[in-house]
Each structure stands twice: as C-alpha cells, then as structure tokens.
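Heads up: the sequence shown runs through residues 35 to 676, numbered per the numbering used here.
Even for Gly, the Cβ is constructed at its ideal location relative to N, Cα and C.
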Amino acid sequence: MKLRLFFRITIGLFCLGIQAPIAAQVCTGSLGDAVVNVDFGSGNNPGAALSTSITTYNFTSSSCPNDGSYTVVNNTSGCFGGSWHNMPEDHTPNDVNGYMMLVNASFNPGDFYLDTVRNLCANTTYEFAAWIANVLLPTACSPNPIMPKLVFNIETITGTVLGTYSTGDIGSSASPTWTQYGLFFKTPANTNSVVIRLTNTAPGGCGNDIALDDITFRPCGPAVFLTGNSNQSDFDFCTGNKMPVSMVVTIGAGYTAPTLQWQESTDNGSTWTDIAGAVAATYTVTKSSIGIYKYRVMVADGSNIFISSCRIASTVLTLTIHDLPIATAANDGPVCENTVLNLSATGGVSYAWQGPAGFSSTAANPALVAKINSTGQYNLIATDQFGCKDTTSTIVAVDPQPNATINADKSICEGDSTVLIAGGGASYLWSPAIGLATTTSASTIAKPTDTTIYSVIISNNNCTDTATVKVSVVKKPVANAGADKVILKGRSVILDGVVTGGGARYFWSPPNFLDDSFIQAPVATPPTDQLYTLNAISNLGCGSSTDDVFIKVYNDLYIPTAFTPNNDGLNDTWHIAALAVFPNAKVLVYNRYGNLVFESTGNNKDWNGYFRNTAMPAGAYTYMIDLKNDRPVLKGMVMIVK
C-alpha cells in the first residue's frame with residue numbers, strides 16, 4: 035500500500051510541470067503486468083486524502099485546489115473563474131466515477147517526492163509511466179502562463195542514476211488532453227530496490243496546474259509475439275468445435291536464458307492463470323464450450339520466471355467460441371396458386387434455402403410464384419458472421435385457384451325474375467344484394483328493377499375468382515297521350531304523346547284527321563270534338579299500354595254575358611272555355627266606376643266575382659279581351675246576378 039501511495043503522489047506532483055509531447059521514453063519491447071498500478075480508485079467527490087508520508091502538499095476537499103494543494107476528484111468544473119478546463123471524467127476508460135489527482139503546484143521549484151520501490155528483480159528493465167493533462171485553458175494567464183515541467187529520476191540506494199527523463203513544457207490545449215509520459219531503466223546486478231526522485235522545475239504562479247491518472251511501473255523486455263495457425267492472433271469457432279489451435283511464441287533478443295510460462299484468461303484478460311506444465315515454445319488447445327479464451331506467454335530470464343514483478347507478457351491470442359445462431363423461417367401462406375409466396379428468414383448474415391420443385395435461394399426473404407407443386411417443406415440454413423450455422427424449416431401450403439363459372443347474360447321484363455347460377459368453388463358471395471333472393475349460395479333468383487351487373491366471388495379456402503352476369507331489365511311500355519286540347523274549328527293542334535319503356539311500337543287510334551298516326555306527336559285537325567287513344571306495345575313481349583287525349587272543338591269564341599257567384603255549383607264563375615285556344619289572351623274587367631276588378635292572361639283563371647277577397651255587388655261590368663292574334667280587342671258587358 036505504501037508503494038501504491040508513493041506512486042500516486044510521486045507522479046501526481048511530478049506531473050505538475052508536464053506539458054506537450056517531448057516523446058516519452060517508453061518500452062519498445064514487451065511489458066509485464068504492472069508492479070505498481072495507481073488509478074486513485076473511484077467514488078463520490080471528493081476522494082480520501084493521501085498519506086502525509088507521501089507528499090508535503092496540502093489536501094483540500096474543494097474541487098479547485100489553491101497553490102501548493104491537491105484534491106482527489108472524479109470531475110471538476112468552473113475553477114478560478116473558468117480559467118481551468120472542465121474535466122468531466124478521469125483518464126481511465128470505462129472507469130465510472132473514477133478518481134484523478136488534481137494538483138496546483140507550489141511557488142518554489144524543487145524535489146517534491148522521494149521514495150523507495152522494493153522487491154524488484156536485478157538485471158531487469160522496467161518502464162515507469164503516467165498520464166498527465168495540463169488543466170489550464172490556452173486563453174488563461176495571458177500573456178505568460180506558466181507551463182508544468184517535470185523531471186523523473188530513478189536512482190540506486192547509493193545514489194547512482196539509473197534513468198532520467200524531463201517532460202519539457204507541457205502545453206495547454208483547446209480541450210482536456212491526456213498524454214502519457216515516462217522512462218525505462220535497468221536494475222543493476224544484485225539490485226532489487228530503487229529510489230524515485232520527482233522534481234518540479236517550473237516556478238509557481240499563474241499556471242503550472244495538472245491532472246494525473248493511471249500511474250504504472252512495469253517490467254520491460256524483448257519483444258514477445260504469440261501466433262496461432264496461419265499466423266493468426268484471433269480465432270472464431272462455433273460451439274462444439276473440434277479444430278485444435280497450435281500456438282507458438284517468438285522471443286526477441288535480450289535474455290541470456292529465457293524461460294516461459296503459458297497463461298489462460300476466461301474473463302477477457304482481467305485475470306490470468308498459469309497453465310500447469312505449459313512451459314515449451316508451443317502449446318495446442320481445443321475449445322468447444324461457449325466463451326472467450328485468451329492466451330499469452332509470460333517470459334523472464336532464468337529463474338525470474340517465478341517472480342511476477344520480473345516477467346514480461348507476450349501479445350495475446352484470442353479464441354472465441356460462439357453460440358449457434360437461432361435461425362427462423364416463415365412464410366406468408368397459405369397462398370393461392372399463381373400468386374406470390376414470400377419466405378422470410380432471420381438469425382444469420384447469409385442463408386441457403388431448399389424447397390419443393392427444385393427451389394433454392396440465397397436471399398434472406400425470397401419470393402416465388404406459387405404453384406400447386408410448391409406445397410411442402412422449405413429447409414433453411416442460416417450462417418452468422420462467425421460461420422456458425424443453424425437449420426430450420428417452414429411448411430408452405432398452396433391452395434388451388436378456383437375457376438369461376440356463371441350463366442350467360444339475361445334479359446327480363448320489368449317485374450319478372452330470373453335464376454342466376456354460378457359454379458367452380460366452395461362458397462359464393464353475390465353483389466350487389468339489391469334484387470337478389472340470397473347472396474351466399476351458388477344459385478339465386480334475381481328480380482332487379484333496372485338493368486344490373488351482378489358479380490359473384492367464388493372462394494376455395496383462401497383463394498377467390500370472380501365472375502359477372504348482366505341482367506337487362508326491359509321496361510314495360512307506358513303511353514302518355516298528353517293533356518287534353520282545345521281548338522277552334524278549322525284549326526290544328528299538336529298532340530303531346532310520349533311512349534316510355536324498352537323496344538315498344540306505338541300508334542294513334544283512330545287515325546282520322548291526323549297527319550301521321552305512327553309518330554308520338556302528330557298534328558290533329560278534327561272538325562268536331564275528338565277522343566284519340568295512344569297505343570304502345572312492347573316488341574319484346576313485355577306488355578302494352580294506352581292513354582287518351584280529348585280535343586274540344588269550338589265553332590267560335592263564346593263569351594258568357596252573366597254568371598251567378600253564389601256557390602251553388604252552377605255558373606259560379608265567369609268561364610270562357612274557348613279562350614284556351616289563345617294562350618296569350620289578356621282579360622280585363624272594370625266596375626261602373628272604371629276601376630279594374632279582375633285581370634288574367636290566357637285561360638288560366640276564371641273570375642269568381644271577387645276583388646281582393648271582397649265579393650263584388652250584382653250589376654253590370656265592362657270587359658276587354660285582347661286575344662293577341664292581331665284581331666280587334668273584344669269589348670262587352672257581363673252581369674253578376676245574385
């Protein structure tokens with residue numbers, strides 16, 4: 035514990051003066067496990083103070099230490115008016131709430147730490163390193179900020195310098211930047227203890243402020259490489275693997291009598307276990323259970339192999355046994371014959387399908403046009419990125435496509451019905467439902483009121499086909515001879531006949547005094563009152579119809595000279611029947627004072643003897659009738675008799 039604390043403070047203070055990269059003197063061969071590994075732990079702010087035997091600096095619980103002070107924190111921000119970087123975390127990757135040592139250097143340069151590291155191996159090279167960041171912003175302490183500058187010295191107990199290293203000025207950067215600094219040295223023969231001397235050569239003042247983390251002291255030796263089959267260093271196999279991996283270690287020059295020990299880790303390199311008896315330059319292993327297996331070789335000179343602080347480690351070979359993928363195969367069936375069938379697969383990065391009728395595919399989600407012979411089992415091999423395979427299958431069902439049949443188009447008379455018959459499937463659905471006796475059987479009675487196209491969906495399990503039939507409705511003929519007519523003798527009138535319905539022939543009877551009795555609107559010139567009948571007969575056998583029109587023939591315009599508006603049903607109004615011949619005629623009636631008491635146009639209104647809802651008294655009234663046919667205005671008297 036004393037050694038760990040020593041390195042915490044030593045490097046921490048040593049970093050007070052470190053700056054931008056003068057290249058660190060680090061091991062160029064292979065390193066062993068750390069003899070000292072200081073990461074300051076983790077927890078809430080602030081961390082615990084270091085032992086007073088380690089440093090003469092003052093501990094503060096503030097996250098922003100003053101000159102000559104330090105603190106242990108997992109983050110810091112807003113120090114000295116924002117002149118320091120905001121440090122959200124320490125250097126160690128994945129070190130949740132990991133601590134770092136934050137130092138504000140003292141004013142006077144000089145040695146700030148001295149301690150002894152014991153139980154080392156003689157005649158062995160070691161690397162001493164630490165990660166340091168200048169926490170001063172580039173814009174702070176203008177124009178002459180003080181940059182940290184540290185010197186590391188490794189000495190024997192008697193004062194002989196075994197190694198020295200100066201960081202030079204550790205410059206500031208736009209964002210917090212961690213840099214590793216250090217040196218390596220070799221212990222003399224018969225020497226297993228060294229003295230660490232750390233000197234801060236920069237003066238105090240505005241600047242000279244650092245963060246320190248991840249201090250290591252590790253043995254360094256010749257380069258040691260570990261390879262397996264075909265010079266690989268990483269292997270991926272599947273569970274149940276039977277292939278052996280033969281590993282061989284290559285040791286560079288530097289050891290007089292190198293000895294070695296193979297190790298295995300099953301927790302991704304966190305801990306290593308010696309493999310009993312594995313001390314040769316080669317080692318063969320076969321793994322079949324799921325897991326990550328790492329292998330390395332520890333190397334030392336002679337009997338130093340048994341001392342953990344003396345041996346170095348080779349590169350690592352990783353053997354990973356993967357679980358088999360979980361393959362799934364599915365389809366969107368059952369589908370109908372001649373439609374698209376979709377297969378789908380998951381669980382791999384590549385796939386191989388095999389199925390009925392010679393089907394094969396390497397697509398994850400292939401599609402094919404389904405035939406009856408596509409029915410059956412489709413086998414899938416799914417392969418993951420490591421070459422591990424799983425097999426599965428899916429059953430496809432293809433239903434035959436029904437072939438809808440239906441009777442020919444029909445024609446019926448209005449009001450009649452017909453039978454519709456379909457075939458080719460197991461179930462039926464007719465539409466529209468209007469006019470049908472049923473919509474869900476193969477045959478149905480149709481009685482539409484208008485021409486209708488009926489569709490029937492014929493189903494066979496999930497498959498359907500559609501057929502249509504047209505039922506044409508022939509409307510019964512309807513004769514409409516039009517309104518009765520009024521003419522003067524010797525004049526003509528056009529009859530307003532209309533025949534509706536499909537495929538009908540028509541004629542007027544009698545044909546007397548008609549210009550053409552086989553058209554709907556002939557010209558009639560009867561000399562006397564005449565009744566005409568319009569006859570309509572369906573050419574398709576859908577019935578017949580007749581309608582009459584009466585033509586009243588007046589010899590001349592007769593104007594009544596009196597009427598009795600007493601509501602007895604006789605002569606209650608002044609009615610001029612023949613006036614209907616003159617549709618534009620204007621009728622005016624005046625009382626004896628010359629006041630207008632009745633007015634009408636054409637024969638659309640008879641006079642009932644009232645004016646503005648008031649009965650007019652008995653007496654004589656003057657009338658004027660303008661026939662609007664270039665004849666003189668007719669004038670006369672009409673009497674109201676009571």
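Using the Cα positions of Ala208 and Pro179, report the straight-line distance between them to the nearest angstrom. Counting from one through the sequence shown, the residue named residue 208 turns up at place 174. Counting from one through the sequence shown, the residue named residue 179 turns up at place 145. Going by the C-alpha atoms only, they are around 15 Å apart.
Going residue by residue through the segment 232 to 283, where are the continuous beta strand (DSSP E) segments of at least 3 residues, counting only ones entirely within it? 243 to 255, 258 to 261, 268 to 272
Can you check whether the CB of Asn92 is closer than 8 Å to the CB of Gly81? Reading the sequence shown from its first residue, position 47 is the one you call residue 81. Reading the sequence shown from its first residue, position 58 is the one you call residue 92. No, Cβ-Cβ distance for Gly81 and Asn92 is not below 8 Å.
What first and last residue would you give for the beta strand (DSSP E) that runs through Met181? On the sequence shown, position 147 is the one that residue 181 refers to. First-last for Met181: undefined, no H or E at that position.
In three-state terms, what does DSSP make of Ser5? With the chain covering 35 to 676 only, the question about residue 5 has no answer from this structure.
When you compare the CB positions of Cys344 and Phe218, do they come within less than 8 Å of one another, or not? In the sequence shown, counting from the first residue as 1, residue 344 sits at position 310. In the sequence shown, counting from the first residue as 1, residue 218 sits at position 184. Taking 8 Å as the cut-off, the Cβ atoms of Cys344 and Phe218 do not count as close.
Candidates Thr500, Tyr215, Pro172, of which the one nearest Leu709 by Cα: This structure cannot speak to residue 709, because the chain is shown only from 35 to 676.
Evaluate the contact criterion for the segment 68 to 79 versus the segment 238 to 254: three or more CB pairs, one atom per stretch, below 8 Å. yes
Using C-beta distances below 7 Å, list every residue in its chain close to Asn605, excluding the 5 sequence neighbours before and after it, in chain order. The sequence position of residue 605 within the sequence shown is 571, counting from 1. Phe597, Thr598.
State the start and end residues of the unbroken beta strand (DSSP E) segment that holds Ser378. Residue numbering aside, residue 378 sits at position 344 when the sequence shown is read from its first letter. It spans 374 to 380 - the beta strand (DSSP E) in which Ser378 sits, taken as one unbroken run.
The segment 467 to 484 contacting the segment 517 to 537, beta-carbon criterion three pairs below 8 Å: no
Evaluate the contact criterion for the segment 318 to 326 versus the segment 269 to 288: three or more CB pairs, one atom per stretch, below 8 Å. yes
CA-CA distance, Ala456 and Asn407? Counted from its first residue, the sequence shown places residue 456 at position 422. Counted from its first residue, the sequence shown places residue 407 at position 373. For Ala456 and Asn407, the distance between alpha carbons rounds to 28 Å.
Going by alpha carbons, who is nearest to Gly677 out of Pro172, Val137, Gly255, Ala501? With the chain running from 35 to 676 in the structure shown, residue 677 is simply not present.
If you count every other CB in all the chains shown that lies within 10 Å of the CB of Asn649, and 16 or more means buried, which is it? As a first step, residue 649 must be located in the sequence shown, where it is residue number 615. According to the sequence as given, residue 649 is Ala; it is not Asn. Exposed, since its Cβ has fewer than 16 Cβ neighbours within 10 Å.
Within its chain, find whatever has a CB closer than 8 Å to the CB of Ala612; leave out the 5 residues flanking it on each side and keep chain order. In the sequence shown, the residue the question calls residue 612 occupies position 578. These residues qualify, in order along the chain: Val520, Leu522, Tyr588, Asp590, Leu591, Tyr592.
Residues of its chain near Lys510, where Cβ-Cβ distance is below 6 Å and the 5 sequence neighbours each way are ignored: Within the sequence shown, the letter at position 476 stands for residue 510. Closer than 6 Å at Cβ, skipping near neighbours: Glu448, Gly535, Cys576, Gly577.
Nonlocal neighbours in the same chain, by C-beta distance under 6 Å from Gly286, ignoring five residues either side: Indexing the sequence shown from 1 puts residue 286 at position 252. When the five nearest sequence neighbours on each side are left out, the beta carbons in the same chain lying within less than 6 Å of the beta carbon of Gly286 are those of Pro256, Ala257, in order along the chain.
What are the partner residues of Pro80, as DSSP defines its beta bridges? Looking up residue 80 in the sequence shown gives position 46. Bridge partners of Pro80 according to DSSP: none are assigned.
From the DSSP secondary-structure annotation, give me the bridge partner or partners of Lys423. Residue numbering aside, residue 423 sits at position 389 when the sequence shown is read from its first letter. As a beta-bridge residue in DSSP terms, Lys423 pairs with Thr417.
Using CA atoms only, rank isn't needed, just tell me which of Asp124, Asn142, Asp499 is closest to Ser461. One-based indexing of the sequence shown puts residue 461 at position 427. Checking every option, the nearest Cα to that of Ser461 belongs to Asp499.
Let me check understanding here. Comparing Cα to Cα, which of Thr273, Asn546, Ile204, Gly367 lies closest to Val403? Counted from its first residue, the sequence shown places residue 403 at position 369. It is Gly367 whose Cα lies nearest to the Cα of Val403.
Could you tell me which of Phe541, Arg152, Asn618 sits nearest to Asn224, measuring between CA atoms? Position 190 of the sequence shown, counting from 1, holds the residue named residue 224. Nearest of Phe541, Arg152, Asn618 to Asn224, Cα basis: Arg152.
Could you work out which residue in Leu377, Trp387, Glu298 is closest to Ala401 when comparing CA atoms only? Here the question's residue 401 lines up with position 367 in the sequence shown. Considering only alpha carbons, the answer is Leu377.
Confirm, please, whether the CB-CB distance from Ile610 to Asn637 is below 8 Å. By one-based count along the sequence shown, residue 637 stands at place 603. By one-based count along the sequence shown, residue 610 stands at place 576. Against a cut-off of 8 Å, the Cβ pair of Ile610 and Asn637 comes out as a contact.
Using the beta-carbon count (16 or more within 10 Å), is Met671 buried or exposed? Working through the sequence shown from its first residue, we reach residue 671 at position 637. Within a 10 Å sphere around the beta-carbon of Met671 sit fewer than 16 other beta-carbons, which makes this residue exposed.
Kindly indicate which residue of Thr261, Glu633, Asp124, Thr656 has the alpha-carbon position closest to the one of Asn645. Taking the sequence shown and counting its residues from 1, the one referred to as residue 645 is at position 611. The identity of residue 645 in the sequence shown is Phe, whereas the question assumes Asn. Comparing Cα positions, the closest option is Glu633.
Can you name the residues that DSSP bridges to Pro651? Here residue 651 refers to the residue found at position 617 when the sequence shown is read from its first residue. Beta-bridge pairing links Pro651 to no other residue.
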